[in-house]
Amino acid sequence: MKFPATAELAMAAMIIALLIGLPAGIISAARRNSLFDSTAMFVALIGVSMPVFWLGLMLAFLFSVALGWLPFSGRLDSTLVLQTKTGFMVWDALMTANWNALGNSFAHLILPAVTLSTIPMAIIARMTRSSLLEELGQDYVRTAKAMGFNERRVLLGHAMKNASLPVVTTIGLQVGALLSGAILTETIFSWPGIGRWIFSAIQARDYPIVQGAALLITLVFMAVNLLVDISYAFLDPRIRYH
Amino acid sequence: MKKAVISSFLVAVMILSMSVLPITAGTTDFNDVFGHWAQADIMTLVDKGIVSGYPDGTFQPDKTVTRAEFIKILAAALQLPQAAPAGASPFSDVAMTDWFFEAVMEGVQNNLIGGFPDGTFLPNDPITREQVAKILVRAKGIDETSTVLMSQQQEIISKVPDWNQVSEWAKLFVVNAIAADLMKGDPSGNFRPLASLTRAETAVIGVRMMGAMPSPTPTPTTPPVTGGTFIFGRGADCVKLDPADVTDGESARGTVQIYDTLVQFKGETTIVEPALATSWEVSTDNLTWTFHLRQGVKFHDGTDFNADAVLFNFERWWDESNAYHVGTFEYFSSMFNGFKGTEASTFTKMEKVSDSAVRFTLAQPYAPLLSTLAMFCFAIASPTAIKAQGPENYGTSTQYPGVGTGAFKVVEWTKDDKLVLDRNPDYWGYKANVDQVILRVIPDNAARYLALKAGEIQGMEGANPEDAKAAAADPALQVLLRPPMNVGTVLFKVDAPPFDNVNVRKALAMAVNKQPIVDAFYGATGLVANQFLPPSLWGYNKSLQDYPYDPTAAKQMLADEGYTDANPLTIDFWYMPNPRPYFPDPKAIAEAIAADFSKIGVVVNLKTEDWSTYLDDRKNGKFNLWMLGWTGDNGDPDNFLFFHYGVPRAGEGNYNNPALIKILLDAQKEVDQAKRDLLYQQAAVLIHDDCPRIFIGHNQEPAPGSLEGRAHAHLYCPPAARDGPRPDRSFRHRLPFYSHDPRRPGCGHPRRTGHARVYRPHAHRAGTGQTDLGAVLHLHRQHLSGGLGTFHPIQHSDHR
Chain A
3 MKFPATAELA MAAMIIALLI GLPAGIISAA RRNSLFDSTA MFVALIGVSM
53 PVFWLGLMLA FLFSVALGWL PFSGRLDSTL VLQTKTGFMV WDALMTANWN
103 ALGNSFAHLI LPAVTLSTIP MAIIARMTRS SLLEELGQDY VRTAKAMGFN
153 ERRVLLGHAM KNASLPVVTT IGLQVGALLS GAILTETIFS WPGIGRWIFS
203 AIQARDYPIV QGAALLITLV FMAVNLLVDI SYAFLDPRIR YH
Chain B
3 MKKAVISSFL VAVMILSMSV LPITAGTTDF NDVFGHWAQA DIMTLVDKGI
53 VSGYPDGTFQ PDKTVTRAEF IKILAAALQL PQAAPAGASP FSDVAMTDWF
103 FEAVMEGVQN NLIGGFPDGT FLPNDPITRE QVAKILVRAK GIDETSTVLM
153 SQQQEIISKV PDWNQVSEWA KLFVVNAIAA DLMKGDPSGN FRPLASLTRA
203 ETAVIGVRMM GAMPSPTPTP TTPPVTGGTF IFGRGADCVK LDPADVTDGE
253 SARGTVQIYD TLVQFKGETT IVEPALATSW EVSTDNLTWT FHLRQGVKFH
303 DGTDFNADAV LFNFERWWDE SNAYHVGTFE YFSSMFNGFK GTEASTFTKM
353 EKVSDSAVRF TLAQPYAPLL STLAMFCFAI ASPTAIKAQG PENYGTSTQY
403 PGVGTGAFKV VEWTKDDKLV LDRNPDYWGY KANVDQVILR VIPDNAARYL
453 ALKAGEIQGM EGANPEDAKA AAADPALQVL LRPPMNVGTV LFKVDAPPFD
503 NVNVRKALAM AVNKQPIVDA FYGATGLVAN QFLPPSLWGY NKSLQDYPYD
553 PTAAKQMLAD EGYTDANPLT IDFWYMPNPR PYFPDPKAIA EAIAADFSKI
603 GVVVNLKTED WSTYLDDRKN GKFNLWMLGW TGDNGDPDNF LFFHYGVPRA
653 GEGNYNNPAL IKILLDAQKE VDQAKRDLLY QQAAVLIHDD CPRIFIGHNQ
703 EPAPGSLEGR AHAHLYCPPA ARDGPRPDRS FRHRLPFYSH DPRRPGCGHP
753 RRTGHARVYR PHAHRAGTGQ TDLGAVLHLH RQHLSGGLGT FHPIQHSDHR
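Note that the protein sequences, when read in sequence, are chains A and B.
Counting from 3, one number per residue, gives the positions in the first sequence under the numbering used here.
Counting from 3, one number per residue, gives the positions in the second sequence under the numbering used here.
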């Protein structure tokens, strides 16, 4: 029950991080030293150095208290009822065709997910930019351009494919950041997930829970990074696992 | 005829306006009323033309009121029927031409006031509080001879330390005035029967008697809303919904909604009133207690509440060999000295008298029994539910809910998220206004306050001090304060150098300048402590004089003991790593105290360590000087004093005073509360003289809620519990110590603002009569059926 809550949040945060971080990194690399580039990288710098709890409270204040657009505590309005099977609220609501709960759980997801996504987003953007820039300086890019391939195909088809290896590695490593960032995010947004569980267990000096949770997070982290390693084979045909 | 009366009245008013209460032309803004605690009431009366100010633009609210003035104002406020024309003045010192003659006659003919045996009225003497008591009781139409039961009278009298000063003729009136809430004593309970009244106090009384008491909140008396859901935000979840086997405050907050106890605390007082037991008798030797049970009460599962159910619960708690005694039952063993079979156990026998009566036999008289039984943990659970769910599962989840007789029943419990409770439509007592109460967990204090602002919750506890301040200034929010029931102290290890020397202890006590510390860190409503008990408790010794703040003398005392500048006293001073209700900001308070110590030449090293270790280390002799406090469980002084000094405890400084122990044991066995009161007052003196700790302050906690919420719910706030276990138990680590509670609020209480008279920051200033502690309590009582519920002085947090 607690793990799906954290997984749902982490996935949502990762999706936001990818949707914004990757394009931002690619565009920054393609238009190096442009206004977009310097702005994006400056924002990324802020994103990576912003304390999660401060950002969370500020977002909550702006969007919940001042504007009243989004709810910010919990996963679902306390008055709504949703039969949970998997523990993934959005998924459960979708499956049971409970549109009310779907919209509500989605709205509850936005603020914590955005808060949690800032650090991975910034790192992904910077990593994408730097590894893409490196590839863009390679001979094969110059050759491809000389052969008259269009700019976009060179960038996304050739350079990006080669640049994706370090990016994928970074994404895998960011899963760890998501899980540890979840402790603060979940506390601020009253998200009943594994992060809060650890937080209260630490305060209660409940060592078995802390150890168990740490083990679980480690296993998840290792599994994700194993998947990342395996994915290398698909991204780079030169890599083969025996 | 009527015209004549009216015109004579007008003449009286005119004369009055010229002589005593002159009307100032066109102005109602008195520069000495603005910001005064009675501003609203004074202005109400001014608007009605009942009182007015002086020509120089002042009202002089703190000026004493004479008998004539008082009856004049009250006659106008009460709109007394015109007096029958009198041929002559019945009093030698009242002339028919006096401006107050009409009012006096109205008062006399309505039996509110009389003259003195020598035929005088003494119109220009200050009116005394006991005279006011008579007038108010009569004006309310209360029959002073039959309204208050003897037992209740005794209870009221026992809470008035200066009872012997009340004149014989006034005693019944005073009792009735207190019982009917017309008047109150000062914070320590003294009624001050012979004290006079100020104009401000008279204005408050006048408004009250007009039946037009101004609303204490910006929205005038919102009627209770029925139906709907009330959502309360809190820091942590219940551990278990089995009150007998939990010690944490958050569990209690859940269980008090679900369960009832045999007796309960009335409103937000510590007075015990019937609950599941409708009446009780105690044998003359104070050993046998018979409780008569309420008939027709059913548990939420439909089974009957009866003597068998009560005995099932008590035996489950008491008897370790009982099949359902699964758990620690910590509260039972600590309040009743262990379980069945142990020598010290308070109980010797528990038996059924009939289906509707149970009898408990005690090993020796135990005066706090009723107060103790009113604690949340001694609530009666459904035996059927415990048997069906199994004692190890009982009250652990939605599947295994707690089943009691209370105002709400469990619908759903998502751990660490929310506890959903539905109204019990068959409740035997006051049925809840709302259909549903949800207790939501929002761990972060700031986030919880934002949720309140955003309307996601309607009430909360545990606001950061800055947020509590902001809440007070927010017209949409209301803040309730919990009367102080705690004490923050600095402890000495009295059986080891350097603090085995009483003069060293006293020198340090004299070095601490408490008032600025309380002002800075406890906020406007904090109180300086000079003894263990807070002044809201009986047993408080009002006449005790604290050690004076005198750094020069303190330094000299240290020098006499050999600690000079060349050879300074060097100590480690341990402070708590986290705020507690009694020390809202321990680090800052410790720094202030350390600065005071260093002024008398003591070299202080401030130290701290994590909370659980801290609580352990204070017991194993690591500390010589440290901070810790206590929060009461049941409003009985025994609960404050006996635990600390009834048995010498290392964790409490190892102070061992046989004379004190004897007094505390005697007080525990004594059933007469007036005698116990005196014993505890003696105990305070003994403790003071030996100075085993420095008492710093008593704190009140704010709990903000939205006005919408206030109008919404009848939520039962649990009267007693703490969020940690008893301090001297080894299994503490398994329980979530204050896990919800990174920062308790407390300091920086909201100051008075335009609308927030709720706080009455002056409330504890002695000498304001009507606006003492009782004013705050009274206010909360008004909201009992329509507010956040009672905010009981017994805190919902651990002692520590």
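Note that CB positions come from ideal geometry on N, CA and C, so glycine has one too.
Distance from residue 406 (chain B) to residue 382 (chain B) at the Cβ level is roughly 7 Å; contact confirmed, criterion being Cβ atoms closer than 8 Å. With respect to chain A, the C-beta atom of residue 260 (chain B) has no partner C-beta closer than 9 Å. For residue 23 (chain A), same chain residues with a beta-carbon under 6 Å away, outside a window of 5 residues either side, are 123, 126, 127 in chain order. Pairing residue 302 (chain B) with residue 411 (chain B), the inter-Cα distance amounts to about 7 Å. At a C-beta separation below 8 Å, residue 619 (chain B) has no neighbours in chain A, since its nearest C-beta there lies roughly 15 Å away. For residue 517 (chain B), there is no enclosing beta strand (DSSP E); the residue is part of the alpha helix (DSSP H) that begins and ends at 516-523. For residue 631 (chain B), the uninterrupted beta strand (DSSP E) segment begins and ends at 627-633. The DSSP-derived three-state label of residue 9 (chain A) is helix. Taking 8 Å as the upper bound for CB-CB distance, residue 700 (chain B) and residue 528 (chain B) are in contact here, some 7 Å apart. When beta bridges are read from the DSSP output, residue 236 (chain B) appears opposite B:443. Among the CB atoms of chain A, one or more fall inside 9 Å of the CB of residue 614 (chain B).
Contact annotation: residue 146 (chain B) and residue 177 (chain B) have beta-carbon atoms nearer than 9 Å.
Under DSSP, no beta-bridge partner is assigned to residue 571 (chain B). Using a Cβ-Cβ cut-off of 9 Å, residue 4 (chain A) counts as an interface residue toward chain B, since at least one Cβ of chain B sits closer than that to its own.
Using a Cβ-Cβ cut-off of 9 Å, residue 198 (chain A) counts as an interface residue toward chain B, since at least one Cβ of chain B sits closer than that to its own.
Here residue 135 (chain B) is actually not in contact with residue 182 (chain B); their C-beta atoms are around 10 Å apart, not less than 8 Å. In this structure, the beta-carbon distance from residue 267 (chain B) to residue 441 (chain B) does not fall below 9 Å. With respect to chain A, the C-beta atom of residue 420 (chain B) has a partner C-beta closer than 9 Å.
Taking 9 Å as the cut-off, the beta carbon of residue 40 (chain B) is found closer than this to the beta carbon of residue 63 (chain B). Rounded to the nearest whole angstrom, the C-alpha separation of residue 106 (chain A) and residue 236 (chain A) is 38 Å. Following the DSSP letters along the chain, one finds residue 376 (chain B) in no alpha helix (DSSP H), marked with neither H nor E. Annotation: residue 696 (chain B) is outside any alpha helix (DSSP H); the continuous beta strand (DSSP E) that includes it extends over 695-700. Separation of the CB atoms of residue 370 (chain B) and residue 636 (chain B) is rounded to 7 Å, and the pair is thereby assigned contact status at 8 Å. Taking C-beta atoms as the reference points, residue 124 (chain B) and residue 210 (chain B) fail to come closer than 9 Å. The Cβ of residue 458 (chain B) sits closer than 9 Å to at least one Cβ of chain A.
Take residue 202 (chain B), set aside five residues on each side of it, and the residues of its chain with a beta-carbon closer than 6 Å to its own are 40, 63, in chain order. Neighbours of residue 442 (chain B) in chain A, taken as residues whose beta carbon is under 9 Å from its own, are 75, 76, 80, 192 in chain order. Check the Cα spacing between residue 697 (chain B) and each of B:629, B:652, B:137: the tightest is with B:629. Note on geometry: alpha-carbon atoms of residue 431 (chain B) and residue 379 (chain B) lie some 19 Å from one another. For residue 450 (chain B), the closest Cβ of chain A is nearer than 9 Å. Of all residues in the stretch 37-64 of chain A, only 55, 58, 59, 62, 63 come within less than 9 Å of chain B when Cβ atoms are compared, listed by chain position.
For residue 360 (chain B), DSSP records a beta bridge to B:293, B:354.
Residue 582 (chain B) carries a strand assignment under DSSP once its states are collapsed to helix, strand and coil. In the structure shown, residue 52 (chain A) adopts coil according to DSSP, grouped into three states. Nearest to residue 360 (chain B) by alpha-carbon distance, out of B:307, B:588, B:162, B:389, is B:307. Counting other Cβ atoms within 10 Å of its Cβ, residue 293 (chain B) reaches 16 or more and is therefore classed as buried.
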